[in-house]
Amino acid sequence: MVDVGAKPVTARVAIASGRITMSREAFVALRAGRIAKGEALALARAAGIAAAKRTSEWIPLCHTVPLDHVRVEIRPHPAQRAFTVEAQAAARWSTGVEMEALVAVAAGLLTLYDMAKAIDRGMTIDRIRLLRKSGGRSGTWTRRGGGPVRRTRSLSG
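Below, the structure written as structure tokens:
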């Protein structure tokens with residue numbers, strides 16, 4: 349692991365997103381909450397949050413970060429028969445939270461796949477990417493043309 353002991357503790361926020369596309373039948377069932385396994389969208393949000401909290405168990409050499417906040421949103425895109433999962437992770441720490449946001453997205457997308465695979469095994473997960481990060485020595489970075497980025501929650505209050 350990289351030694352971050354001398355780095356200052358600062359407010360850090362990262363936003364990531366990804367997409368899953370599927371058949372019309374799977375999309376309609378997920379959106380309507382008619383999946384045999386249960387409420388897929390709520391479960392995918394919960395999976396994303398839980399995964400963000402355990403990122404260091406997923407990614408070798410990743411620091412355990414005490415997260416202040418994790419938000420996972422799932423948005424439907426009917427014309428593309430797709431859902432976008434967007435996650436925001438925030439912490440006051442000496443290392444960034446990019447991996448936590450990315451892991452939250454991956455877990456949310458994988459949960460949607462698992463919930464709907466009985467309907468469509470040909471679903472495609474793609475476009476998992478960091479959209480924005482702030483805090484730390486390198487400051488703020490925003491992906492050009494990266495899609496929707498919601499206003500981040502203030503860590504000071």
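Residue numbers for the sequence shown follow the working numbering, so the first one is 349 and each next one is one higher.
Positions of the beta carbon are idealized from the N, C-alpha and C atoms, including for glycine.
Item: Whole-angstrom distance between Pro-356 and Arg-464, CA atom to CA atom; Value: The residue you asked about is not Arg; residue 464 is Ala in the sequence shown. Their backbone Cα atoms lie some 44 angstroms apart in a straight line.
Item: Glu-421 and Glu-405 closer than 7 angstroms at C-beta; Value: no
Item: Range of the contiguous alpha helix (DSSP H) that encloses Ala-452; Value: 446-464
Item: Val-352 - containing alpha helix (DSSP H), residue span; Value: Neither: Val-352 is in no alpha helix (DSSP H) and is coded neither H nor E.
Item: Beta carbon of Ala-388 nearer than 7 angstroms to that of Ala-452; Value: no
Item: 7 angstroms Cβ cutoff met for Ala-359 and Arg-423; Value: no
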